[in-house]
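Trainee:
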Amino acid sequence: MRNLYFLLTKELRSYINSPVALVVITIFTIITGYYFYNIFANFSTLSFQAQSNPMAAKQYGALNVTEFVVRPFFSIVGLVMLIMLPMLTMRSFAEEKKSGTMELLLTYPLTDAEAIIGKFLGCMGIFVVMLTLTFPCLALVGYFGQPEWGVIGAGYVGLLLMGSAFISLGIFMSSLTENQIIAAALSFASLIILYMSGLSAAFAGENVGKVLEYISIINHLETFAKGVIDTSDVNYYILFTALFLFLSMRSLESKRWRG
Amino acid sequence: MIEVERLTKTYGDARGIDDITFSVGKGEILGFLGPNGAGKTTTMRILTCFMSASSGSAKVAGYDIFEDSLKVRSKIGYLPETVPLYTDMQVPVYLKFVAGLKDVPWKKINHKVAEVMEQVGLTHMAHKFIGELSKGYRQRVGLAQALVNDPEVLILDEPTIGLDPKQIVEIRSLIKGLGGGRTIMLSSHILPEVSMLCERVIIIDEGKIKAMDTPDNLMSRLHAAGRVQARIDGPKEKVLKALREIGGAKKVDVVSDSGATSMYVVEFADGKAGAHLIPRAVTSGGWDLHELTPMRLSLEDIFIRIVTEEEIKQ
Ligand SMILES: Nc1ncnc2c1ncn2[C@@H]1O[C@H](COP(=O)(O)OP(=O)(O)OP(=O)(O)O)[C@@H](O)[C@H]1O
Ligand SMILES: [Mg+2]
Chain A
1 MRNLYFLLTK ELRSYINSPV ALVVITIFTI ITGYYFYNIF ANFSTLSFQA QSNPMAAKQY
61 GALNVTEFVV RPFFSIVGLV MLIMLPMLTM RSFAEEKKSG TMELLLTYPL TDAEAIIGKF
121 LGCMGIFVVM LTLTFPCLAL VGYFGQPEWG VIGAGYVGLL LMGSAFISLG IFMSSLTENQ
181 IIAAALSFAS LIILYMSGLS AAFAGENVGK VLEYISIINH LETFAKGVID TSDVNYYILF
241 TALFLFLSMR SLESKRWRG
Chain B
1001 MIEVERLTKT YGDARGIDDI TFSVGKGEIL GFLGPNGAGK TTTMRILTCF MSASSGSAKV
1061 AGYDIFEDSL KVRSKIGYLP ETVPLYTDMQ VPVYLKFVAG LKDVPWKKIN HKVAEVMEQV
1121 GLTHMAHKFI GELSKGYRQR VGLAQALVND PEVLILDEPT IGLDPKQIVE IRSLIKGLGG
1181 GRTIMLSSHI LPEVSMLCER VIIIDEGKIK AMDTPDNLMS RLHAAGRVQA RIDGPKEKVL
1241 KALREIGGAK KVDVVSDSGA TSMYVVEFAD GKAGAHLIPR AVTSGGWDLH ELTPMRLSLE
1301 DIFIRIVTEE EIKQ
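First to last, the sequence lines map onto chains A and B.
Residues 1 to 259, numbered by the working numbering, are exactly what the first sequence covers, in order.
Residues 1001 to 1314, numbered by the working numbering, are exactly what the second sequence covers, in order.
1. Taking just the CA atoms, how far does residue 1056 of chain B sit from residue 1011 of chain B?
2. Output the boundary residues of the alpha helix (DSSP H) element that contains residue 119 of chain A.
3. Is it true that the CB of residue 1039 of chain B sits closer than 7 Å to the CB of residue 1065 of chain B?
4. Distance check for residue 88 of chain A and residue 1184 of chain B, CA to CA, integer angstroms please.
5. Pull up the CB-CB distance for residue 1203 of chain B and residue 1037 of chain B, whole angstroms please, since I reckon it's below 8 Å.
6. Along the beta strand (DSSP E) that carries residue 1367 of chain B, what are the first and last residues, could you check?
7. Would you call residue 1002 of chain B buried or exposed, if buried means 16 or more other Cβ atoms sit within 10 Å of its Cβ?
8. Could you tell me the alpha carbon to alpha carbon distance between residue 197 of chain A and residue 205 of chain A, rounded to whole angstroms?
9. If we cut at 7 Å on Cβ distances, does residue 177 of chain A have a partner in chain B?
10. Run through the DSSP bridge pairs and tell me what residue 1031 of chain B is partnered with.
11. Take residue 1008 of chain B and list the residues in its own chain whose beta-carbon comes closer than 7 Å to its own, dropping the five residues that flank it on each side.
12. Under 7 Å between the Cβ atoms of residue 107 of chain A and residue 1073 of chain B?
13. So with CB distances below 9 Å, who are the chain A contacts of residue 1151 of chain B?
14. Ends of the beta strand (DSSP E) at residue 1079 of chain B?
15. What's the gap between the Cα of residue 1259 of chain B and the Cα of residue 1267 of chain B?
16. Cβ of residue 1040 of chain B within 6 Å of any heavy atom in ligand 2?
17. Return helix, strand or coil for residue 146 of chain A, following the three-state DSSP convention.
18. Tell me whether residue 1081 of chain B, by its Cβ, gets closer than 6 Å to a heavy atom of ligand 2.
19. Quick one: is residue 1078 of chain B near chain A, going by C-beta distance under 7 Å?
20. Does residue 1100 of chain B get closer than 7 Å to chain A when you measure Cβ to Cβ?
21. The alpha helix (DSSP H) with residue 233 of chain A in it runs from where to where?
22. According to DSSP, what are the bridge partners of residue 1003 of chain B?
23. For residue 1215 of chain B and residue 1275 of chain B, I'd like the C-alpha separation in whole angstroms.
24. Please return the same chain residues whose Cβ sits closer than 6 Å to the Cβ of residue 35 of chain A, not counting the five positions on each side in sequence.
25. Verify whether the separation of the beta carbon atoms of residue 1081 of chain B and residue 1157 of chain B is less than 7 Å.
26. Could you tell me the distance, in whole angstroms, from the CA atom of residue 1192 of chain B to the CA atom of residue 1031 of chain B?
27. Does at least one heavy atom of ligand 1 sit under 6 Å from the Cβ of residue 1162 of chain B?
28. Over what stretch of residues does the beta strand (DSSP E) that includes residue 1264 of chain B continue unbroken?
29. Any heavy atom of ligand 1 inside 6 Å of the beta-carbon of residue 1014 of chain B?
30. If you measure between the beta carbons of residue 21 of chain A and residue 126 of chain A, is that distance less than 7 Å?
31. Counting only the same chain and skipping the five closest in sequence on each side, list residues whose C-beta sits under 6 Å from that of residue 1044 of chain B.
32. Would the C-beta of residue 1011 of chain B count as close to ligand 1, meaning under 6 Å from any of its heavy atoms?
33. Count the other CB atoms, across all protein chains shown, that sit within 10 Å of the CB of residue 16 of chain A; report buried if there are 16 or more and exposed otherwise.
34. Please state if the CB of residue 112 of chain A and the CB of residue 1 of chain A are separated by a distance shorter than 7 Å.
35. In chain order, which beta strand (DSSP E) runs of at least 3 residues are fully inside the stretch 1126–1177 of chain B?
36. Could you check what DSSP says for residue 1117 of chain B in three-state terms: helix, strand or coil?
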């Protein structure tokens, strides 16, 4: 615990001192904010039309702010995370290896697990800041309409869990190389493949299809965005996170053996 | 304090170190001497638990480096060759981070950090980021992080490399002051440094230990096969010829010429002491002998001899 405290404060401090976190947070907030502006403006237009033209209202069905704004917003936040989080995690171990500080870090009395969890929590800290900055958008929805707060709450839980999965994978990739670009590229590629595996489920055989659908990293977010916290989805993200943190441990261990 | 037994490390197919055995007693300062690629860093990285060995075993501060690696790591201070530091941290912030990880009690962290900063002469750099420091000061930060947990064993990998002569002197005297009950192992390829700082020297080359002794003993071991310096007044060619004819003389050179007298160095073959033959050779030629001094081999000579695998006669 003590070691984690020191590792975490060091991680957060170095994120704050470097421009990386600032750039990632800013870009993330701008992209999600811009998307929100578009869907929200679109929604207001539709609502306005529906009000003045009952025929059109029939066409759209009940105009529901959760359906039209909140859910699409969550899926886009998920997508932007997929792009931005690898940029946050790429430096975690790669930078320490490149600059040689890993040599000192690993000769201090801390376990490999602590070193990894320290990195993980550091990234999670920045990620929580990113998520918090999306909340004003939803607060705006709450100000003008009546969104289902349960759905919003569940959506955030889902995003947090999905983010932890992305981050653990990114940290693992970063533990494989001392090149930050390679670490980012590897995380990016694997996340996109995991993202798309749900697409091939449609034409794969029934059993394979199920597996692919289960693996698909973003599918599990959809239930959350419906306001449902399903244990199987929670388990998926927790297992995913644990698996990659474990693999990172093995990666550090094998580095010790290879020298 | 450090016991190393048959330690071997291979990098894939490449050799790192090969079957190394030695021990360092409590409070001893051991010099680890060897040319580039000898395996100094490899040995130190294994002893500090950064890397695992391929085979063999080692104990540091009484704990096995494989089984009790965390215990070992809390008892040592390590200064790696490249002095890797977090350049984006301020000196005291960095040292507090290290003290925290190295199990310094919470309440003592601030005090301990101030103390080591004072000890290595960093106090006036407290507001600086490590990235802004010069090489000499980074070296001090490196030493400070090694010292912050009051380690029983200090492992310093080439602590003076890349420093200017003034800094070298300062860092050396700093290291000398660190002894006092603390076991220190330091590597170097600068020989006077090792003879100045260390009580015992291990010479390592191509992954193997070539010699292990006190600096003095190493020098006297080679003394028998020594060289003699003689200042002789006489015609150079003839003197050279006469000296070369002395039994056992292997090599004769003129090292300096000052008018009438010249300085000659006569090197005798291993085990043959022939200095007493020089006066006779000189007087029988009708010249004058002004000076006759036995020359001790410098540590450099010993080092070169050992690593070029010339045999050392006991
Ligand atoms: N990470 C590594 N991978 C492969 N080979 C390595 C690695 N590190 C060291 N070696 C090899 O192991 C041998 C010993 O290297 P080591 O770094 O221990 O030497 P050294 O005595 O510290 O040399 P120097 O004085 O240059 O620092 C060398 O032949 C080197 O090429
Ligand atoms: Mg070295």
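Ideal placement from N, C-alpha and C gives every residue a C-beta, glycine not left out.
Mentor: If we stick to the structure as given:
1. Locating residue 1011 of chain B in the second sequence gives position 11, counting from the first residue. Locating residue 1056 of chain B in the second sequence gives position 56, counting from the first residue. So the alpha carbons of these two residues sit roughly 15 Å apart.
2. The sequence position of residue 119 of chain A within the first sequence is 119, counting from 1. Looking at the DSSP string, the run of the alpha helix (DSSP H) that includes residue 119 of chain A is 112–132.
3. Here residue 1065 of chain B corresponds to residue number 65 of the second sequence, with the count starting at 1. Here residue 1039 of chain B corresponds to residue number 39 of the second sequence, with the count starting at 1. No, the Cβ-Cβ distance between residue 1065 of chain B and residue 1039 of chain B is not below 7 Å.
4. The count along the second sequence starts at 1 and reaches residue 1184 of chain B at position 184. The count along the first sequence starts at 1 and reaches residue 88 of chain A at position 88. Taking the straight line from one Cα to the other gives about 40 Å.
5. In the second sequence, residue 1203 of chain B corresponds to position 203, counting from 1. In the second sequence, residue 1037 of chain B corresponds to position 37, counting from 1. Beta-carbon to beta-carbon, residue 1203 of chain B and residue 1037 of chain B are separated by about 14 Å, too far to satisfy the 8 Å threshold.
6. No answer is possible for residue 1367 of chain B: it lies beyond the span of chain B, which begins at 1001 and ends at 1314.
7. Residue 1002 of chain B sits at position 2 when you count from the first residue of the second sequence. It counts as buried.
8. In the first sequence, residue 197 of chain A corresponds to position 197, counting from 1. In the first sequence, residue 205 of chain A corresponds to position 205, counting from 1. Looking at the two C-alpha atoms, the distance is approximately 13 Å.
9. Translated into the one-based positions of the first sequence, residue 177 of chain A becomes position 177. It does not; no Cβ of chain B falls within 7 Å.
10. By one-based count along the second sequence, residue 1031 of chain B stands at place 31. Looking at the DSSP assignment, residue 1031 of chain B forms a beta bridge with B:1186 and B:1201.
11. Locating residue 1008 of chain B in the second sequence gives position 8, where the first residue counts as 1. The residues are 1017, 1018, 1019, 1053, 1054, 1055 and 1056.
12. Residue numbering aside, residue 107 of chain A sits at position 107 when the first sequence is read from its first letter. Residue numbering aside, residue 1073 of chain B sits at position 73 when the second sequence is read from its first letter. Yes.
13. In the second sequence, residue 1151 of chain B corresponds to position 151, counting from 1. In chain order: nothing, as chain A lies at least about 11 Å away.
14. The residue labelled residue 1079 of chain B in the question sits at position 79 within the second sequence. Residue 1079 of chain B -> beta strand (DSSP E) spans 1076–1079.
15. Residue numbering aside, residue 1259 of chain B sits at position 259 when the second sequence is read from its first letter. Residue numbering aside, residue 1267 of chain B sits at position 267 when the second sequence is read from its first letter. Their Cα atoms are separated by approximately 23 Å.
16. In the second sequence, counting from the first residue as 1, residue 1040 of chain B sits at position 40. Yes, the beta carbon of residue 1040 of chain B sits closer than 6 Å to at least one heavy atom of ligand 2.
17. Sequence index remark: in the first sequence, residue 146 of chain A carries index 146 (1-based). The three-state reading of DSSP puts residue 146 of chain A in coil, since its state is none of H, G, I, E or B.
18. Against the second sequence, residue 1081 of chain B aligns to sequence position 81. Because some heavy atom of ligand 2 lies under 6 Å away, the Cβ of residue 1081 of chain B counts as near it: yes.
19. Your numbering for residue 1078 of chain B matches position 78 in the second sequence. Cβ-Cβ to chain A under 7 Å: yes for residue 1078 of chain B.
20. Translated into positions along the second sequence, residue 1100 of chain B becomes position 100. Interface residue, yes.
21. For the purposes of this step, residue 233 of chain A is taken as residue 233 along the first sequence, with counting starting at 1. Residue range 231–258 is occupied by the alpha helix (DSSP H) that includes residue 233 of chain A.
22. As a working note, residue 1003 of chain B is residue 3 in the second sequence. Answer is B:1023 and B:1059.
23. Within the second sequence, residue 1215 of chain B is the residue found at index 215, counting from 1. Within the second sequence, residue 1275 of chain B is the residue found at index 275, counting from 1. Taking the straight line from one Cα to the other gives about 24 Å.
24. The sequence position of residue 35 of chain A within the first sequence is 35, counting from 1. Its chain contains 76 as the residues whose beta carbon lies nearer than 6 Å to that of residue 35 of chain A, once the 5 sequence neighbours on both sides are disregarded; these appear in chain order.
25. Here residue 1081 of chain B is taken as the residue at index 81 of the second sequence, counted from 1. Here residue 1157 of chain B is taken as the residue at index 157 of the second sequence, counted from 1. Result yes, Cβ atoms of residue 1081 of chain B and residue 1157 of chain B sit closer than 7 Å.
26. Numbered from its first residue, the second sequence carries residue 1192 of chain B at position 192. Numbered from its first residue, the second sequence carries residue 1031 of chain B at position 31. Each residue's Cα considered, the two are about 11 Å apart.
27. As a working note, residue 1162 of chain B is residue 162 in the second sequence. Checking every heavy atom of ligand 1 against the Cβ of residue 1162 of chain B, none is found closer than 6 Å.
28. To locate residue 1264 of chain B, count along the second sequence from 1; it is residue 264. Per DSSP, residue 1264 of chain B is one residue of the beta strand (DSSP E) stretching across 1261–1268.
29. Within the second sequence, the letter at position 14 stands for residue 1014 of chain B. Yes, since a heavy atom of ligand 1 falls inside the 6 Å radius drawn around the Cβ of residue 1014 of chain B.
30. Along the first sequence, one-based indexing puts residue 21 of chain A at 21. Along the first sequence, one-based indexing puts residue 126 of chain A at 126. Yes, these two residues count as a Cβ contact at 7 Å.
31. Taking the second sequence and counting its residues from 1, the one referred to as residue 1044 of chain B is at position 44. So the list reads 1155 and 1157, once near-sequence residues are dropped.
32. The residue labelled residue 1011 of chain B in the question sits at position 11 within the second sequence. For residue 1011 of chain B, the distance from the CB to the nearest heavy atom of ligand 1 is below 6 Å.
33. To locate residue 16 of chain A, count along the first sequence from 1; it is residue 16. Burial call: exposed.
34. Numbered from 1 along the first sequence, position 1 holds the residue referred to as residue 1 of chain A. Numbered from 1 along the first sequence, position 112 holds the residue referred to as residue 112 of chain A. Result no, Cβ atoms of residue 1 of chain A and residue 112 of chain A do not sit closer than 7 Å.
35. 1153–1157
36. In the second sequence, counting from the first residue as 1, residue 1117 of chain B sits at position 117. DSSP places residue 1117 of chain B in helix when its eight states are reduced to three.
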